[in-house]
Amino acid sequence: MLRRDAAIKTVMYTNELALRKNEDAVTKGSALNQVDSERNLSFEEIFERYNSMVYGLVVHILGDREEALDVAQEVFLIVYRKMNTFRGESSLKTWIYCIAANRAANRFRWWNRIRRRGTVSLEEHLLKSPNRELSCNLRSDIQSPEEALLLQEERAEIEHMLLELPMQQRIAVIMRDIEELSYEEIAESMKVSLGTVKSRIARGREMLKRRFKGQ
Amino acid sequence: MLCKNVVPVLSEFLDEALDSGATVKVSQHLDKCAQCSKEFNDLSMLRRKLQSLRGVQAPDYLGKLIEHKLDEMQHDSWRKNLQSELERTWSKIRTTEGMWYFTKALGTVMTSLFFVLISIRAIPPAYMEVPPGNTGQEADSSKKASLGDLATAKMPQRRIRSDAAMNSLCLYNIGDSISADAKDDTFFVVTEVDPSGVTTIKDVLEPPRDQNMLSKVIEMISSARCRPASEKGKAVSSHVVYTFSKVTVHN
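So the sequence lines, in the order shown, correspond to chains A and B. Note that the numbering used here gives residue 197 to position 207 of the first sequence, counting from 1, and the numbers run on in steps of one. The numbering used here runs 159 ahead of the 1-based position in the second sequence.
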């Protein structure tokens, strides 16, 4: 009786293993198909699919619409020039996110360099003009003007707090909470380990939480 | 599970990124601990606020702007392609350790070679240099030498490679050895330089009063070797006219 039970368990375990292997194969196969289909996309299709995503990421990193528009153009020109060299080692989405995050971070650093030379920084410039937010580009289902105004103020406040975060934490938090990327996708986009992503998100959120409490 | 262990993983718990065992433990702890539960609620509220920033739409004209830039790019595509290719190559060199060191070593070797070649070129050949068409240069030197300009007279000394070469120092010595009677004596000598660099006296125009000076000059010119003139890369015979002047300076 005991032997029969053991035999049944072994068969079940073997079946389960086979099922897992099949699932893995299916997952790998679909990922490869996805990469293949992404590599066959034309530039117009890529732009259609990712323009709001890129603009959204950049506008949240920089907090300025005009700058974001400029950087988004740069990003798509880079994508256009380098799309032939895209080898599909990562997904197209994370590849584009990587370019966008790097360009936006570079632009922010450039602003800081300008500040060191005695001119204004993007951060200061934004903090001094709190109402030049991206509200006009945000979709809102709220109809009442009062509610819309409150929401706009709240968004402006969050934007300012995001701008006070260190750059890498800011990018990680934006990618996770606003752009809804998974931890793995963020790690791929930022070219760091999963552990680093987790700690950056946790520290970024902690800092934001303290700022909210401190108000 | 203790609070100090729960708080650091609340962010992952919120994202449902913990494994099932840890999720159960954190969940059970949050049910019991008001402090951690409050922390978690704050974190959830923060995420809701951040989520309210979702849905940013790119302006419609972004596509047009990019289209315009692409048009511009295609107009001077070769320049951009070249720039892009150079950038890519440079980036590859910088990021590949082996290539970087190889490029540095190659650069060092090439630079050394360049300087070696320059220094070899700077050393004059063993014979005297008389550039055709600029024969007055040596005569100018002789004048300076006769005037007692020692600094000028000695300057070319370090370039002398042959005893037979005619140079400012020789001229200075000639000028110095000639008697003071030959005041302000001037004469012209026509020479021919053959393709091998041998100089022969062809004629003496206006012979000087001091014959001693003339014989010394002729002796010097005959023993000198000059760089022959060249035509289409080949050495040819040429005529050179020298003007010698003895100028006496009274203190």
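By construction, the Cβ of each residue, glycine as well, lies at the ideal position given by its N, Cα and C atoms. Keep in mind that this is a model prediction, so the values were computed, not measured.
Which whole-angstrom value describes the C-beta separation of F98(A) and M151(A), a residue pair presumed to lie in contact below a C-beta threshold of 8 angstroms?
-> The residue given as residue 98(A) occupies position 108 in the first sequence. The residue given as residue 151(A) occupies position 161 in the first sequence. The C-beta distance from F98(A) to M151(A) rounds to 16 angstroms, too long to meet the 8 angstroms contact threshold.
When the cut-off is 9 angstroms and only beta carbons count, does Q158(A) lie next to chain B?
-> Reading the first sequence from its first residue, position 168 is the one you call residue 158(A). Taking Cβ atoms only, chain B never reaches closer than 9 angstroms to Q158(A), which makes this a no.
By the criterion of Cβ-Cβ separation under 7 angstroms, what are the contact partners of D178(B) in chain A?
-> Your numbering for residue 178(B) matches position 19 in the second sequence. None at all; the shortest Cβ gap to chain A is about 13 angstroms.
DSSP beta-bridge partners for A388(B)?
-> Position 229 of the second sequence holds residue 388(B). For A388(B), which the question treats as bridged, DSSP gives the partners V395(B).
D166(A) versus F273(B) - alpha carbon distance = Residue numbering aside, residue 166(A) sits at position 176 when the first sequence is read from its first letter. Residue numbering aside, residue 273(B) sits at position 114 when the second sequence is read from its first letter. Before going further, note that residue 166(A) is Arg rather than Asp in the sequence given. In a straight line, the C-alpha of R166(A) is about 56 angstroms away from that of F273(B).
Taking 8 angstroms as the line, does the beta carbon of A91(A) fall inside it for any heavy atom of the ligand FMN?
-> Absent from the structure shown: the ligand FMN. Ligands present: none.
Quick one: is V395(B) near chain A, going by C-beta distance under 9 angstroms?
-> As a first step, residue 395(B) is located in the second sequence; it is residue number 236 there, counting from the start. No, V395(B) lies away from the interface with chain A (no Cβ there is under 9 angstroms from its Cβ).
With distances taken Cα to Cα, identify the nearest neighbour of A217(B) among N41(A), H50(A), L47(A).
-> What you label residue 217(B) is simply residue 58 of the second sequence in a count that begins at 1. That would be N41(A), whose Cα lies nearest to the Cα of A217(B).
Other residues of its chain near G392(B): CB distance less than 6 angstroms, five sequence neighbours each side excluded = In the second sequence, counting from the first residue as 1, residue 392(B) sits at position 233. Closer than 6 angstroms at the Cβ level, and outside the excluded window around G392(B), lies no residue.
A192(A) touches chain B at which residues, Cβ-Cβ below 9 angstroms?
-> Counted from its first residue, the first sequence places residue 192(A) at position 202. What A192(A) touches in chain B: P167, V168, L169, S170, E171.
Measuring alpha carbon to alpha carbon, tell me which of E143(A), Y173(A), E174(A) ends up nearest K208(B).
-> Stepping through the second sequence from its first residue, residue 208(B) is reached at position 49. Ranking E143(A), Y173(A), E174(A) by Cα distance to K208(B) puts E143(A) first.
Hey, which unbroken runs of the alpha helix (DSSP H) at 4 residues or more fall wholly within the region 121 to 197 of chain A?
-> The region 121 to 197 of chain A contains these whole alpha helix (DSSP H) runs: 135 to 153, 157 to 163, 173 to 180.
Residues bridged to D362(B) [DSSP beta-bridge criterion] | Numbered from 1 along the second sequence, position 203 holds the residue referred to as residue 362(B). In DSSP, D362(B) forms a bridge with V349(B).
Residue interval of the alpha helix (DSSP H) (run including G222(B)) | Counting from one through the second sequence, the residue named residue 222(B) turns up at place 63. Taken as a continuous stretch (DSSP letters only), the alpha helix (DSSP H) holding G222(B) covers 220 to 234.
Is the Cβ of G204(A) closer than 9 angstroms to any Cβ of chain B?
-> By 1-based counting over the first sequence, the position of residue 204(A) is 214. G204(A) does not count as touching chain B.
Taking a cut of 7 angstroms between CB atoms, which residues from the region 31 to 42 of chain A lie near chain B?
-> F37, N41, S42
6 angstroms Cβ shell around M160(B) - same chain, five flanking residues per side excluded | For this step, residue 160(B) is matched to residue 1 along the second sequence. If we look at M160(B) and ignore the five residues flanking it on each side, its Cβ neighbours are K184, H188.
For I148(A) and chain B, any beta-carbon pair shorter than 9 angstroms?
-> In the first sequence, counting from the first residue as 1, residue 148(A) sits at position 158. Closer than 9 angstroms to some Cβ of chain B, the Cβ of I148(A) qualifies, so yes.
Mark W249(B) as exposed unless 16 or more other C-beta atoms lie within 10 angstroms of its C-beta, in which case mark it buried.
-> Within the second sequence, the letter at position 90 stands for residue 249(B). Label assigned to W249(B): exposed.
V48(A) and I86(A) look like a contact to me (Cβ under 8 angstroms); what is the Cβ gap, rounded to whole Å?
-> Position 58 of the first sequence, counting from 1, holds the residue named residue 48(A). Position 96 of the first sequence, counting from 1, holds the residue named residue 86(A). About 11 angstroms separates the two Cβ atoms, so there is no contact after all.
Close-in-space but distant-in-sequence residues of the same chain around L309(B) (CB under 7 angstroms, 5 per side omitted) | The residue you call residue 309(B) lines up with position 150 of the second sequence. Per-residue confidence for L309(B) stands at a pLDDT of 42, beneath the threshold of 50, marking its modelled position as unreliable; the derived number appears in the next sentence. So no residue of the chain qualifies.
Closest residue to V165(B) among K203(A), A192(A), F202(A) (Cα-Cα distance) | For the purposes of this step, residue 165(B) is identified with residue 6 of the second sequence, where counting begins at 1. Ranking K203(A), A192(A), F202(A) by Cα distance to V165(B) puts A192(A) first.
Is the CB-CB distance between D362(B) and V376(B) below 9 angstroms?
-> In the second sequence, counting from the first residue as 1, residue 362(B) sits at position 203. In the second sequence, counting from the first residue as 1, residue 376(B) sits at position 217. Cβ distance not < 9 angstroms, so D362(B) and V376(B) don't count as in contact.
Going by DSSP, what residues sit across from Y401(B) in a beta bridge?
-> Your numbering for residue 401(B) matches position 242 in the second sequence. Answer is V348(B), bridged to Y401(B).
Test item: CB-CB of L198(A) and L155(A) under 9 angstroms | On the first sequence, residue 198(A) is found 208 positions in, with the first residue counted as 1. On the first sequence, residue 155(A) is found 165 positions in, with the first residue counted as 1. Contact: yes.
Can you list, in chain order, the residues of the region 240 to 274 of chain B whose Cβ is nearer than 8 angstroms to any Cβ on chain A?
-> Look at the region 240 to 274 of chain B: the residues with a C-beta under 8 angstroms from a C-beta of chain A are S243.
Cβ neighbours of A388(B) in the same chain (closer than 8 angstroms, five flanking residues each side left out) | Residue 388(B) sits at position 229 when you count from the first residue of the second sequence. Answer for A388(B): P291, V352, A394, V395, S396, S397, listed in chain order.
Any C-beta of chain B under 9 angstroms from that of I168(A) = Along the first sequence, one-based indexing puts residue 168(A) at 178. Answer yes: the Cβ-Cβ gap between I168(A) and chain B drops below 9 angstroms somewhere.
Cβ of V163(A) within 9 angstroms of any chain D Cβ = Protein chains in the displayed structure are A and B, and chain D is not among them.
Chain-order list of residues whose beta-carbon lies under 7 angstroms from that of I360(B) (same chain, five-residue window excluded) = Against the second sequence, residue 360(B) aligns to sequence position 201. For I360(B), the CB contacts under 7 angstroms within the same chain, skipping 5 residues up- and downstream, are V348, T350, I377, I380, S381 in chain order.
What is the C-beta distance between L265(B) and R145(A), in whole angstroms, given that I count them as a contact (C-beta under 8 angstroms)?
-> The sequence position of residue 265(B) within the second sequence is 106, counting from 1. The sequence position of residue 145(A) within the first sequence is 155, counting from 1. The pair is not a contact, with the Cβ atoms about 56 angstroms apart (cut-off 8 angstroms).
Going by CA-CA distance only, name the one from A94(A), Y173(A), S81(A) that's closest to Q63(A).
-> One-based indexing of the first sequence puts residue 63(A) at position 73. Here the closest residue by C-alpha is A94(A).
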